[in-house]
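The structure appears below as structure tokens.
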Amino acid sequence: MTKQTNKNVFIVADNVYSPVGNTTAANFARLKENVTGVKKHFDSAMSPLPFYASLFDAEASFSSDGPYTKFEQLLIRSIDDALKQSVIDAGDPNTILIISTTKGNISLLETEKHSPAFRERIALSTSAKIVADHFGFRQVPIIISNACISGVLAILTGMRLLRAGVYENAVITGADVISKFILSGFQSFQALSPDVCRPFDEAHDGLNLGEGAGTVVLSVDKKYAGSLKVKGGSVGNDANHISGPSRTGQELAGAIMKSLDDANIGAGDIGFISAHGTGTVYNDEMEAKALLIAGLENVPLNSLKGYYGHTLGAAGLIETIISAESLRKGLILGTPGFVNAPELYPVNVGASHKSFDAVNFLKTASGFGGCNAAVIIGK
Amino acid sequence: MADQNYITASCKIENGLVEKDGRNLFTHAGDVGSLLLAAYQHFRLSYPKFHKMDRLSKLGWLATEVLLMDSFEQGKYEPEDISVILANASSSLDDDLKYYDSVAEAASPSLFVYTLPNIVIGEICIRNHFKGEQAFFIQGNFQSEFIQQQAAYLLANNCTKCCVCGWVDILGEEYKCVLFLVEKIKKGNAALFSAVNMDEIFNSTAK
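Each protein sequence line maps, in turn, to chains A and B.
Just so you know, we're using our numbering here: the first sequence kicks off at 226 and counts up by one.
Just so you know, we're using our numbering here: the second sequence kicks off at 351 and counts up by one.
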């Protein structure tokens, strides 16, 4: 068996572009002050009832009549900031652009006539080309749309392409925009909390949606030695239900354990966990069971959904980038909304921020279609 | 050098034809909705959930049934060692349009759940008890080289032992599905798992 895992994959630069802030540093500074993007909204164009979500306000000034949609502007702003921090050249044929999203430009369905030209415009490959051309990427971008694991899967896809030597650098970006389409769907599923979400709390009763973008730039260039590394990861399927998670958590646990093997470390080497932690009863319970099976029940854990809501195709990126910043700064963030765990939960959820010293963290994600993913980032 | 991988079966559904390994098994003259149902009946499949699926899931699920039929010794593999990698151009737009039409009256959760392209992977995994790696990619056109590289990486690095991969796309009356079963064993006249051989099957016309 030829294992291609000998190459280190370094995190060179990153950006979080969210209602909380426009850079990773700005986001982390505000989260430290317990600022959250989740607010109550009254918007009859989106929903007849008020709802809680983390949305950009009018000051974010997305142009509505330019060549780029809001989704594309989000990707461009996030990529732009990440690229500015690095010397990586978008025009280098050894650099690949990877885009993660669940619904991309779906809001165009709500405003545009459904003509053939519209079908071309709404296609994700059209957005990908527009964004790639903006920065001068030479390779055809890779687009991943795999429900709520899209962001983590995009990072793993980049890691694998770099390990295999197909490219030297990967610019991995993701975004989703919340519109009536998405909001009405989650409402129809009765998946939304009537208040701010409370991941892993005994009173958890649903999720909040959020919009935003995240970008991480990876490289195998040894000059980045000393930067954090993407050490390993794995993906799997529950093979149980298209809209409900596994009853046992065995499959997410399997993805976590394969990730540990891929990173060549043990459960004891994980310093903290950034959980998917949506705040729905089903998700949180399944994750707690999975972490117990994987031997990670005592490891400090947080969910960032109380700050950002569930940012769908961006969630895996935003939450991995913020957690990487936690690792660099030695500060694990708390879990807004969490007070008391349900009686039977074995996991170690932190309510407030805590200083710590760790080498690695685990990021997990799960989504519709029964998919699970895990990635390990470390020093 | 990694071990060689082989295309041990292929299935194509296109232009009213259902083909397996390049042989036409079923022909239907009608719209895509009636084709999917007629093929389901022709192959005597019995899976009540089929009728609840959106058309993208029906297309991919049906092609997987034909792909694996009489070809696949699933007992040789653990569920965690079988992976599914699919791609298309239209994502789930075929169902997105139907879901959005429902929003004006009452948003339908049973349509909403299919507004993600990877749900077809979920349906295939549930039916066949596959629990391994998975990914859904969006591409303007079928990129055989990329899909081949993705599957070959998983096979070479012990992330999977067997992979169902290919293309499943539908929007309105336009549809095409081509799936490949990829294993590390050479069976009969199985073709080498290469982008060139994938393209040949993808672009061929039925005999």
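Note that CB positions come from ideal geometry on N, CA and C, so glycine has one too.
- Message: Which residue wins for smallest C-alpha separation from A545 of chain B, given the options B:Q489, B:E495, B:E523?
- Response: B:E495
- Query: Using a threshold of 7 Å, is the CB atom of V546 of chain B nearer than that to any non-hydrogen atom of the ligand ADP?
  - Reply: By its list of ligands, the structure shown contains no ligand whatsoever, and the ligand ADP lies outside what it can speak to.
- Inter-residue Cα distance where the pair is P467 of chain B and T536 of chain A: 18 Å
- Message: Measuring straight from C-alpha to C-alpha, what distance separates T227 of chain A and V460 of chain A?
- Response: Its pLDDT being 42, under 50, T227 of chain A is placed unreliably by the model, and the measurement read from it follows with that caveat. Answer to the nearest angstrom: the Cα atoms are 20 Å apart.
- Item | Beta-carbon gap between V441 of chain A and I397 of chain A smaller than 8 Å | yes
- Query: Is the beta carbon of N462 of chain A sitting closer than 8 Å to the one on K481 of chain B?
  - Reply: yes
- Count the other CB atoms within 10 Å of the CB of T589 of chain A; is the residue buried (16 or more) or exposed (fewer)? buried
- Task: Return the bridge partner residues of G541 of chain A from the DSSP annotation.
- Result: None, per the DSSP bridge assignment.
- Best match in B:C513, B:K370, B:V453, B:A379 for proximity to L412 of chain B [C-alpha to C-alpha]: B:K370
- Message: I need the straight-line Cα distance from K309 of chain A to H501 of chain A, nearest angstrom please.
- Response: 29 Å
- Message: On the DSSP letters alone, give me the boundaries of the beta strand (DSSP E) that H266 of chain A sits inside.
- Response: 263–266
- Start and end residues, beta strand (DSSP E) containing E533 of chain B: 524–533
- Message: So, for V421 of chain A: in the same chain, excluding its five sequence neighbours on each side, which residues have a beta-carbon less than 8 Å away from its beta-carbon?
- Response: T261, V263, Y277, N433, G531, P561, G562
- At 3 residues or longer, and completely inside the segment 360–433 of chain A: list those beta strand (DSSP E) runs for me, N to C. 367–369, 394–401
- Query: Hey, would you say E522 of chain A sits closer than 8 Å to F281 of chain A, going by beta carbons?
  - Reply: no
- Query: Under three-state DSSP, which class holds A283 of chain A?
  - Reply: helix
- Message: In chain order, what are the residue ranges of uninterrupted beta strand (DSSP E) at least 3 long that sit wholly in the segment 452–532 of chain B?
- Response: 484–488, 512–521
- Please list the partners that S441 of chain B has in chain A, where partner means a Cβ-to-Cβ separation under 7 Å. L349, S370
- Query: What are the partner residues of F543 of chain B, as DSSP defines its beta bridges?
  - Reply: Answer is none; F543 of chain B lacks a bridge partner.
- Message: Does the segment 496–513 of chain B come into contact with the segment 541–555 of chain B, if we say contact requires no fewer than three beta-carbon pairs (one atom in each stretch) closer than 8 Å?
- Response: yes
- Query: How close, in whole Å, do the beta carbons of F486 of chain B and A437 of chain B come, if the pair is a contact with beta carbons under 8 Å?
  - Reply: 7 Å
- So who's on the other strand from L587 of chain A, going by DSSP bridges? A:I498, A:I601
- Bridge partners of A450 of chain A, per DSSP? A:S452
- Query: In whole angstroms, what is the alpha-carbon distance linking T465 of chain B and F552 of chain B?
  - Reply: 26 Å
- Message: Just checking: is the beta-carbon of S409 of chain A within a distance shorter than 8 Å of some beta-carbon in chain B?
- Response: yes
- Task: Compile a chain-ordered list of the residues in the segment 381–398 of chain B whose CB is closer than 7 Å to at least one CB of chain A.
- Result: none
- Would G410 of chain A pass as a contact of G538 of chain A if the rule is Cβ separation under 8 Å? no
- In whole angstroms, what is the alpha-carbon distance linking L517 of chain A and N371 of chain A? 26 Å
- Message: Is Y356 of chain B close to chain A? Criterion is C-beta to C-beta, closer than 8 Å.
- Response: no
- C-beta neighbour in chain A for L505 of chain B, strict 8 Å: no
- Contact list for H339 of chain A against chain B, beta-carbon separation under 8 Å: L447
- Output the distance between the C-alpha atoms of P318 of chain A and L385 of chain B, rounded to the nearest integer angstrom. 43 Å
- Query: Can you name the residues of chain A whose CB is closer than 7 Å to the CB of Y450 of chain B?
  - Reply: L334, F406
- Query: Do F235 of chain A and L556 of chain A have their C-beta atoms closer together than 8 Å?
  - Reply: no
- Message: With a threshold of 8 Å between beta-carbons, can Q498 of chain B be considered close to chain A, or not?
- Response: no
- Which of the residues in the segment 456–471 of chain A, read from start to end, lie with their CB under 9 Å from any CB of chain B? S459, V460, G461, N462, D463, A464, N465, H466, I467, S468
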